[in-house]
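Student:
Number of protein chains: 2
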Amino acid sequence: MKRNLGPVNTLYPSLTTIVGAVVDGKPNFLAVAHVGNMNHGQPQYLSFGINKKHYTNKGIHANGEFSVCIPSEDLVVETDYVGIVSGRNTDKSQVFELFSGVLPNAPLIKGCPVCMECRLERVVDFPTHEVFIGEIVATHADEAVLREDGSIDISLIRPLLFDMSSLSYWSLGAPVAKCWSAGKELKRSLREGGGKS
Amino acid sequence: MKRNLGPVNTLYPSLTTIVGAVVDGKPNFLAVAHVGNMNHGQPQYLSFGINKKHYTNKGIHANGEFSVCIPSEDLVVETDYVGIVSGRNTDKSQVFELFSGVLPNAPLIKGCPVCMECRLERVVDFPTHEVFIGEIVATHADEAVLREDGSIDISLIRPLLFDMSSLSYWSLGAPVAKCWSAGKELKRSLREGGGKS
């Protein structure tokens with residue numbers, strides 16, 4: 000039995016990230032879980048949406064560059080911290096140890112297992128929010144989270160998954176099934192006219 | 000030690016959804032994990048990005064309506080199935096038992112614990128992909144996944160989390176910490192000048 004809750008967003012959990020930008024000449028960081036995947040392939044785009052009141056927006060508009068770093072569970076305190084204090088009245092440039100990549104205005108966090116540098120591609124405007132779409136220019140990953148073939152092992156990242164309803168960060172669980180594979184048996188049986196068992 | 004992998008998208012895991020639309024007068028469904036959160040508040044928007052070659056796009060453009068349903072782990076076979084066969088040559092209208100909500104062209108799946116009906120708000124265009132942004136009009140949830148106060152308990156949904164690198168669906172793990180709380184102690188100690196311990 001279903002209940003109509005009204006227009007409630009249930010697109011959770013979403014991946015918790017730390018967005019970095021240079022604002023007024025100083026690196027600034029903001030926890031952001033309202034992220035989005037735009038496409039698949041190259042150029043590769045991603046998005047995040049934040050309220051226009053945030054301090055970070057100004058730096059992204061000014062420089063056209065930002066970073067998106069993925070914190071592990073180990074960094075939950077610092078991640079939450081940069082989500083509850085504003086760069087407007089708090090210097091967050093010293094919270095993390097930083098490193099440089101390709102873009103001068105995309106500050107990268109050493110302690111995050113994966114960091115992406117992005118060039119601002121466009122801004123999608125809403126009444127209270129801006130959705131920044133960036134093209135990924137480079138992705139830096141800890142050797143420790145890479146498989147032998149150089150691809151990323153998500154279980155080694157141990158990402159923080161945000162849920163609005165419980166206002167909690169959740170961990171990643173175990174693998175459930177292979178994509179583009181689990182449904183193959185059903186495809187076969189339906190093609191053979193056996194119907195859905 | 001970090002390695003530069005080039006422009007690799009590491010915005011995973013992302014929530015696996017089933018997007019529904021009416022195409023040529025018939026309900027059609029597509030597994031989509033490239034979703035996005037746009038804002039917080041009302042009107043509440045969400046997005047998903049899919050290749051322009053998909054059959055679903057036509058129906059959304061024609062009707063300006065679609066659904067986004069959240070499958071549980073129990074539905075992994077059907078979810079994967081509607082991701083590997085195209086509505087262009089396969090009738091997917093019988094895969095799920097459906098129900099009606101507010102919008103006539105947003106087919107809803109009974110077997111999904113949560114379903115959202117969306118009105119198309121705008122389309123963000125990329126060379127190969129379209130990102131559909133919808134305004135959530137109504138959200139239907141199983142009584143079984145609701146807490147006593149009517150809010151959603153994400154652990155009862157048991158969502159499928161998609162990861163591109165492992166090409167697997169993953170389960171949700173355990174709660175790690177409370178949001179807007181875990182960082183409060185650090186905020187206090189930094190304000191008191193104690194520095195980061």
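Respectively, the protein sequence lines represent chains A and B. Letter 12 of the first sequence, counting from 1, is numbered 11 in numbering that gives the first Met the number 0, and no numbers are missing. Letter 119 of the second sequence, counting from 1, is numbered 118 in numbering that gives the first Met the number 0, and no numbers are missing. Where is the CB? At the ideal position from N, CA and C, for every residue including glycine. Since the structure is predicted, the reported quantities are computational estimates derived from the model, not experimental observations.
Are the C-beta atoms of Ser165 (chain A) and some chain B residue less than 9 Å apart?
Tutor: yes
Student: Helix, strand or coil for Val67 (chain A)? Go by DSSP, reduced to three states.
Tutor: strand
Student: Which residues in chain A sit within 8 Å of Arg87 (chain B), going by Cβ to Cβ distance?
Tutor: The contacting residues do not exist; Arg87 (chain B) stays about 15 Å from chain A at best.
Student: Using DSSP's beta-bridge definition, name the partner residues of Phe131 (chain A).
Tutor: A:Phe47 and A:Val122
Student: Between which two residues does the beta strand (DSSP E) carrying Asn27 (chain A) extend?
Tutor: Lys25 to Val31
Student: Please report whether the beta-carbon of Tyr54 (chain B) lies at a distance below 9 Å from any beta-carbon of chain A.
Tutor: no
Student: If you pair each beta-carbon of the region 12-29 of chain A with each one of the region 7-15 of chain B, do three or more pairs fall below 8 Å?
Tutor: Judged by Cβ distances under 8 Å, the region 12-29 of chain A makes contact with the region 7-15 of chain B, as three or more pairs qualify.
Student: Assuming Arg80 (chain A) is part of the alpha helix (DSSP H), what are its boundary residues?
Tutor: The displayed chain sequence assigns Tyr, not Arg, to residue 80 (chain A). Tyr80 (chain A) -> alpha helix (DSSP H) spans Val75 to Ile83.
Student: Within the same chain, show all residues whose beta-carbon is closer than 8 Å to that of Val113 (chain A), passing over the 5 residues directly before and after it, in chain order.
Tutor: Take Val113 (chain A), set aside five residues on each side of it, and the residues of its chain with a beta-carbon closer than 8 Å to its own are Cys68, Ile69, Thr138, His139, Ala140, Asp141, Val144, Ile151 and Ile156, in chain order.
Student: Let me know if Val21 (chain A) comes out buried or exposed under the rule of 16 or more other beta-carbons within 10 Å of its beta-carbon.
Tutor: buried
Student: Taking C-beta pairs closer than 9 Å, name the residues in chain A that Asp73 (chain B) reaches, listed in chain order.
Tutor: Near Asp73 (chain B) there are no residues of chain A at all, since even the closest Cβ is about 10 Å away, more than 9 Å.
Student: Over the uninterrupted alpha helix (DSSP H) stretch that includes Gly172 (chain B), give me the two end residues.
Tutor: That residue, Gly172 (chain B), is in no alpha helix (DSSP H); its beta strand (DSSP E) goes Ser167 to Lys177.
Student: Between the region 55-67 of chain A and the region 104-120 of chain A, do three or more beta carbon pairs fall short of 8 Å?
Tutor: yes
Student: Ignore the nearest five residues each way along the sequence and tell me which others in Met115 (chain A)'s own chain have a CB closer than 6 Å to its CB.
Tutor: Val67, Ile135 and Thr138, listed in sequence order.
Student: Mind checking whether Ser154 (chain B) and Val175 (chain A) have CB atoms under 9 Å apart?
Tutor: Here Ser154 (chain B) is not near Val175 (chain A), since their CB atoms are 9 Å or more apart.
Student: Measure the C-alpha to C-alpha separation of Ser196 (chain B) and His39 (chain B) and round it to an integer number of angstroms.
Tutor: Low per-residue confidence applies at Ser196 (chain B): pLDDT is 49, beneath 50, and the placement is therefore not dependable, though the value from the model is reported in the following sentence. C-alpha separation (whole angstroms): 33 Å.
Student: In the DSSP assignment, find the unbroken alpha helix (DSSP H) run with Thr55 (chain B) in it and report its ends.
Tutor: Thr55 to Asn62
Student: Nearest CA to the CA of Asn56 (chain A): which residue from A:His33, A:Tyr168 and A:Phe131?
Tutor: Checked all of A:His33, A:Tyr168 and A:Phe131; the closest Cα to Asn56 (chain A) is A:Phe131.
Student: Kindly indicate which residue of A:Phe98, A:Leu185, A:Gly133 and A:Glu184 has the alpha-carbon position closest to the one of Pro6 (chain B).
Tutor: With distances taken between Cα atoms, Pro6 (chain B) lies closest to A:Gly133.
Student: In the DSSP assignment, the alpha helix (DSSP H) including Lys186 (chain A) goes from what residue to what residue?
Tutor: Lys183 to Arg190
Student: Looking at the secondary structure, which residues open and close the alpha helix (DSSP H) in which Ile153 (chain B) lies?
Tutor: Ile153 (chain B) -> alpha helix (DSSP H) spans Ile153 to Ile156.
Student: In its own chain, which residues sit with a C-beta less than 7 Å from the C-beta of Tyr168 (chain B), not counting the 5 before and 5 after it?
Tutor: Around Tyr168 (chain B): Thr15, Val75, Leu159, Leu160 and Phe161.
Student: Give the single residue among B:Thr78, B:Leu97 and B:Glu129 whose Cα lies nearest to the Cα of Glu184 (chain A).
Tutor: B:Thr78
Student: I'd like the list of long-range same chain contacts for Asp90 (chain A), defined as Cβ closer than 8 Å, with 5 residues on each side in sequence excluded.
Tutor: Lys25
Student: Classify Phe98 (chain B): buried if its beta carbon has 16 or more other beta carbons within 10 angstroms, exposed otherwise.
Tutor: Exposed, because fewer than 16 other Cβ atoms sit within 10 Å of the Cβ of Phe98 (chain B).
Student: For chain A, find out if any of its Cβ atoms is closer than 9 Å to the Cβ of Phe65 (chain B); answer yes or no.
Tutor: no
Student: Give the DSSP-derived three-state secondary structure of Ala20 (chain A) in the structure shown.
Tutor: Reduced to three states, the DSSP call for Ala20 (chain A) is strand.
Student: Verify the CB distance criterion: does Val113 (chain A) have a CB-CB separation below 9 Å to chain B?
Tutor: Cβ-Cβ to chain B under 9 Å: yes for Val113 (chain A).
Student: Tell me whether Gln93 (chain B) is buried or exposed, calling it buried when 16 or more other Cβ atoms sit within 10 Å of its Cβ.
Tutor: By the neighbour-count criterion, in which 16 or more other beta carbons inside 10 Å mark a residue as buried, Gln93 (chain B) falls on the exposed side.
Student: Determine, using beta carbons only, whether Phe98 (chain B) comes closer than 9 Å to chain A.
Tutor: At a cut-off of 9 Å between C-beta atoms, Phe98 (chain B) counts as an interface residue with respect to chain A.
Student: Pick helix, strand or coil for Glu116 (chain B), following the three-state DSSP scheme.
Tutor: strand
Student: Alpha carbon to alpha carbon, how far is Glu96 (chain B) from Cys111 (chain B)? Give it in angstroms, no decimals.
Tutor: 10 Å
Student: Check whether the Cβ of Gly199 (chain A) lies closer than 9 Å to any Cβ atom in chain B.
Tutor: Residue 199 (chain A) cannot be examined here, being either before or after the span of chain A that is shown, 0 to 196.
Student: Between the region 12-23 of chain A and chain B, which residues of the former have CB atoms less than 7 Å from a CB of the latter, in chain order?
Tutor: Cβ proximity to chain B below 7 Å picks out Pro12, Ser13 and Leu14 from the region 12-23 of chain A.
Student: Our contact map puts Ile83 (chain A) next to Lys186 (chain B) with C-beta atoms below 8 Å; I'd like the distance itself, whole angstroms only.
Tutor: 6 Å
Student: Going along chain B in order, which residues have a C-beta closer than 9 Å to the C-beta of Asp141 (chain A)?
Tutor: Met0, Lys1 and Arg2
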